[in-house]
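Count along the sequence shown from 1, then add 2; that gives the number in the numbering used here. These notes concern the structure reproduced below.
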Amino acid sequence: MTITDDMIGIVHTYYPRGMVRDDPRYKKSAEYGRLVAARRQAGKDNEAWRTLLRRLSEQFPATSVLNDSLHLPTGSLDAAYSGKVFLSPSLTVGFLVSFLAPYYVLYSARVVEDLEERPTTGGRARVIFAGRTCYVVPAWVAKLATLFLGATASPLADDAPPKRTVVSFEFTPEEQACAAWLTQEIEAIWGFERMPPEVGKVIVPDVATDNRSLGEATLYDCLFAEFV
3 MTITDDMIGI VHTYYPRGMV RDDPRYKKSA EYGRLVAARR QAGKDNEAWR TLLRRLSEQF
63 PATSVLNDSL HLPTGSLDAA YSGKVFLSPS LTVGFLVSFL APYYVLYSAR VVEDLEERPT
123 TGGRARVIFA GRTCYVVPAW VAKLATLFLG ATASPLADDA PPKRTVVSFE FTPEEQACAA
183 WLTQEIEAIW GFERMPPEVG KVIVPDVATD NRSLGEATLY DCLFAEFV
């Protein structure tokens, strides 16, 4: 059997087959009961996880570390311990350690300008002031007004460039030190392997998760969380 076959077998232990999430039978199934129990147990036996977070904060004191697993004792969400390291407002390294399978995931989330969503030249609005009068006009009109009429112009408060988040499993030099440290620590604490993206992105067609319907849920979704 391949790694993928093994992982799909684990998924079928914790997710009922052929049922969408809002099917009344879903939460009554034996599989869902096992998943809830596993979540609650992970929330209870979390000493290793808390140790990792503490050591991470000590190793990278200039960053902010977020524990995304405080909800596990409720049994409501996820199949992994989940955390994030905020290296900057636009750069995050995420890490997940499954409690259903002996694997972990590292990824980066980068906030970048969405060039495809940028308006065409002159499309952005500007506020111009001519004497005591205020006008909201396209950028090209504002430029002409400042050049020829002596008006002053400024962007609207909500006129920031559109942004989007890009998730990657490869790390830039800026992210590499944090990713390498997490790799070493997670493997030392749990003895797990990093799940390859080509495995994690495999769709399990006959199960559904909280936000993925039948035919959409991946091994990442089922064994970790819906982070991609």
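Every residue, glycine too, gets a C-beta built ideally from N, C-alpha and C. On a predicted model such as this, the values are computed, not experimentally measured, just so you know.
request  = In the DSSP assignment, find the unbroken beta strand (DSSP E) run with E115 in it and report its ends.
outcome  = Y105 to E115
ask   = Helix or strand or just coil, what does DSSP make of T122?
value = Confidence at T122 is low in this model, with a pLDDT of 49, below 50, so its placement is unreliable and no value can be given for it.
Local conformation of T6 per DSSP, three classes = helix
task = Keeping to the same chain, check which residues put their C-beta closer than 7 angstroms to that of N213; ignore five residues upstream and five downstream.
result = E228
task = Could you check which residue in V230, F101 and T53 has the C-alpha nearest to that of V67?
result = From the listed residues V230, F101 and T53, the smallest Cα separation to V67 is found for T53.
inquiry  = Please report the straight-line C-alpha distance between F101 and A64, rounded to a whole angstrom.
reply    = 29 angstroms
ask   = Terminal residues of the continuous beta strand (DSSP E) containing T94?
value = Bounds of the beta strand (DSSP E) holding T94 are L93 to S100.
query = Would DSSP call E195 helix, strand or coil?
reply = Looking at E195 - three-state DSSP - the assignment turns out to be strand.
query = So is D24 buried or exposed if we call it buried at 16+ other beta carbons inside 10 Å?
reply = exposed
request  = Using the Cα positions of V95 and A179, report the straight-line distance between them to the nearest angstrom.
outcome  = 11 angstroms
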